[in-house]
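One structure is given here, and the rest of the page talks about it.
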Amino acid sequence: MITKNRPYNILVTGGSGFIGSNFVRHVIQTQPQYQVVNLDLLTYAGNPQNLRDIERSPRYKFVHGDICNRPALDRLFKNNGFSTVVHFAAETHVDRSIINVSDFIRTNVEGTRTIIEAVRDFRTPRFIHISTDEIYGDVARGRSTERSPIRPSNPYSASKAAADVLVQSFIRTHKIPAIIVRGSNNYGPFQYPEKLIPLAITNLLASRKIPVHGAGTHVRSWLHVQDFCNAIELIMQRAPLFATYNVSGEEKTNLQILTMIAEHLGKNINEYKQHINDRPGADIRYAIASQKLKKELNWRPRYTLKSSMRNVINWYQTNKEWWQAIKRQKEFLGHYQKQSRGQWF
18 MITKNRPYNI
28 LVTGGSGFIG
38 SNFVRHVIQT
48 QPQYQVVNLD
58 LLTYAGNPQN
68 LRDIERSPRY
78 KFVHGDICNR
88 PALDRLFKNN
98 GFSTVVHFAA
108 ETHVDRSIIN
118 VSDFIRTNVE
128 GTRTIIEAVR
138 DFRTPRFIHI
148 STDEIYGDVA
158 RGRSTERSPI
168 RPSNPYSASK
178 AAADVLVQSF
188 IRTHKIPAII
198 VRGSNNYGPF
208 QYPEKLIPLA
218 ITNLLASRKI
228 PVHGAGTHVR
238 SWLHVQDFCN
248 AIELIMQRAP
258 LFATYNVSGE
268 EKTNLQILTM
278 IAEHLGKNIN
288 EYKQHINDRP
298 GADIRYAIAS
308 QKLKKELNWR
318 PRYTLKSSMR
328 NVINWYQTNK
338 EWWQAIKRQK
348 EFLGHYQKQS
358 RGQWF
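Residue numbers (our numbering): 18 to 362.
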C-alpha cells in the first residue's frame, strides 16, 4: 500500500559527499516547503564546495559533526524534531576498504547503529537507509531482487551488508520506521575523482593514463545521480514503511565506459588505459532489478549513458578548479599512487 509522507524537516547524513550533496541540492531546489539539515564530518570525500550554491538558503543548514557521536546526535535530534532522516554517510571506495577496513566498520556499521538508535529514541517518523547493490555480490546470470541473498565479497560491501542487516533487525525488534534503498554505481557532477568515471574524465583532460583493474571486463550497472535522487525522493514521500527497493541503471563493462568517455573527448582509449593488478576477490558483475520500484512507485530513469555522458564531461571541463584542488591533496595522491601501481597491501 502506498503511503504519503510529508518530510518537511529532513536530516541528511553525509550531505557534503557526492550523492548526498546532489540530493540536498535537489530537495532545496524542488521542494520549497522542506528544511534540510546536513550533518557531515567532512572526511576526505566530503566537500563543502559541493553545496556552495545553496549554502545561503534559509532552508539549508550545515552541521559539522560525527554520526558516531551520540551526545551530539541527541542534541541535534532534540533541537530539530526531524520528520525524516536520509542516511548517506558512509565510506564507499572498495579499493580503500581492502587497504584499511577500520574506517569502514566505524562509519558504515557503528555510525548506522548510532543513527538508528537516535531514530528509535526520538521517534523519528521515517528513516531512509542508503545502501548498495554490492551487498548481493557477484551475479553471474540474471539480476538480484530485493529478496535475493546477501553475499558481500569485499570489506566495503561487507560493512554495508552489516548495516543493512542491523537496520532490518531494528525494524523487527524496535519497529523503527525504516526503508532500505540499494542503488547501483552512480555517476554525475561532484563525484570524488577516485571513482572510475570522474577519474577517467579528469585524467584524459590532463592527458594522463587511466588505471584499469584487470582486463576491464567487469560489468557494472551505471545510474545517473539525478535519477537516484529522484528515486530516493519518491521513496521518502510515498513508499510503505519497512520496504526495501533496488535502484538500477544500465549495464556496461568498465572498458566500455572508458571508451565512451575517450570518444567524447576525441581520444583513443588504447593510448591511455593502463592495466593494473585486479582487486583481490574482485566481483565480475553486479546486476540488480528495479521492477519493484517501477511497479509500486512508478519510478523511471530519465537519463541514459548515451544522452548524459556529454553533459557530465562538460561539467568536469568547466569545473576544473574543483577537481584539480582535490587531486593536489595528500589524501588523494597517497591513495592514487597505490591504486595506479595495483598495490593492495
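Cβ atoms here follow ideal geometry from the backbone N, Cα and C, with glycine treated the same way.
Residue i versus the options, residue with shortest Cα-Cα distance
{"i": "G82", "options": "S224, F94, A180 and R76", "result": "F94"}
{"i": "K347", "options": "T60, N39, Q52 and V41", "result": "T60"}
{"i": "F245", "options": "G266, Q308 and V29", "result": "G266"}
{"i": "Y262", "options": "A248, R302 and Y204", "result": "A248"}
{"i": "C166", "options": "Y320, V329, I305 and I330", "result": "This sequence places Pro at residue 166; Cys is not what is there. Out of Y320, V329, I305 and I330, I305 has the C-alpha closest to the C-alpha of P166."}
{"i": "F139", "options": "R225, P194 and R158", "result": "P194"}
{"i": "R160", "options": "V136, A217 and R237", "result": "R237"}
{"i": "L251", "options": "S176, E313 and W332", "result": "E313"}
{"i": "S201", "options": "T109, R123 and S100", "result": "T109"}
{"i": "A342", "options": "Q48, T219 and A179", "result": "T219"}
{"i": "Q208", "options": "F187, Q66, V44 and T141", "result": "Q66"}
{"i": "M326", "options": "V182, I278, F121 and R345", "result": "I278"}
{"i": "V329", "options": "E268, P206, D300 and Q273", "result": "P206"}
{"i": "V44", "options": "I133, T131, L68 and N336", "result": "L68"}
{"i": "W340", "options": "A62, K192, R296 and R42", "result": "A62"}
{"i": "Y353", "options": "F259, E338, L213 and Q273", "result": "L213"}
{"i": "Q291", "options": "N331, R255 and S357", "result": "S357"}
{"i": "Y303", "options": "S224, E151, A89 and Y204", "result": "E151"}
{"i": "P169", "options": "I301, S186, V53 and P88", "result": "I301"}
{"i": "L322", "options": "S307, E268, Q46 and K284", "result": "E268"}
{"i": "D295", "options": "R164, H235, T131 and N336", "result": "H235"}
{"i": "Q308", "options": "H281, W239 and E163", "result": "E163"}
As assigned by DSSP and simplified to three states, the class of residue i
{"i": "V118", "result": "coil"}
{"i": "D91", "result": "helix"}
{"i": "H281", "result": "helix"}
{"i": "L350", "result": "helix"}
{"i": "T219", "result": "helix"}
{"i": "F79", "result": "strand"}
{"i": "V156", "result": "coil"}
{"i": "T276", "result": "helix"}
{"i": "Q360", "result": "coil"}
{"i": "R225", "result": "coil"}
{"i": "A256", "result": "coil"}
{"i": "L314", "result": "helix"}
{"i": "N294", "result": "coil"}
{"i": "Y303", "result": "coil"}
{"i": "Y289", "result": "coil"}
{"i": "T149", "result": "strand"}
{"i": "S161", "result": "strand"}
{"i": "N263", "result": "strand"}
{"i": "L68", "result": "helix"}
Neighbour-count burial assignment, residue i, 16 or more Cβ in a 10 Å radius
{"i": "Y25", "result": "exposed"}
{"i": "P228", "result": "buried"}
{"i": "L350", "result": "exposed"}
{"i": "D70", "result": "exposed"}
{"i": "Q360", "result": "exposed"}
{"i": "S324", "result": "exposed"}
{"i": "I196", "result": "buried"}
{"i": "G128", "result": "buried"}
{"i": "P257", "result": "exposed"}
{"i": "E157", "result": "Correcting the residue identity first, residue 157 is Ala in this sequence and not Glu. Result: exposed."}
{"i": "N39", "result": "buried"}
{"i": "S119", "result": "exposed"}
{"i": "P210", "result": "buried"}
{"i": "N55", "result": "buried"}
{"i": "S114", "result": "buried"}
{"i": "N285", "result": "exposed"}
{"i": "R189", "result": "exposed"}
{"i": "S224", "result": "exposed"}
{"i": "N203", "result": "buried"}
One or two residues paired with residue i in a DSSP bridge
{"i": "E268", "result": "S238"}
{"i": "F144", "result": "V102 and A195"}
{"i": "Y204", "result": "H241"}
{"i": "H43", "result": "None; H43 has no bridge partner."}
{"i": "I27", "result": "V53 and T101"}
{"i": "H110", "result": "In DSSP, H110 forms no bridge with anything."}
Beta-carbon separation (whole angstroms), residue i vs residue j, contact threshold 8 Å
{"i": "G298", "j": "N171", "result": "6 Å"}
{"i": "V264", "j": "L310", "result": "6 Å"}
{"i": "V103", "j": "M253", "result": "7 Å"}
{"i": "D57", "j": "S33", "result": "4 Å"}
{"i": "Y8", "j": "L221", "result": "Any question about residue 8 goes unanswered here, given that the chain covers just 18 to 362."}
{"i": "I84", "j": "T30", "result": "5 Å"}
{"i": "G231", "j": "T270", "result": "Rounded, the Cβ-Cβ distance is 11 Å, inconsistent with contact."}
{"i": "I27", "j": "Y51", "result": "6 Å"}
{"i": "D181", "j": "A135", "result": "Incorrect: roughly 18 Å between the Cβ atoms, too far for contact."}
{"i": "Y333", "j": "P215", "result": "6 Å"}
{"i": "F187", "j": "R123", "result": "At roughly 19 Å, the Cβ-Cβ gap does not stay under 8 Å, so F187 and R123 are not in contact."}
{"i": "T101", "j": "R42", "result": "Rounded, the Cβ-Cβ distance is 17 Å, inconsistent with contact."}
Cβ of residue i within 7 Å of any chain D Cβ
{"i": "G31", "result": "Given the protein chain composition of this structure (a single chain), no chain D is represented."}
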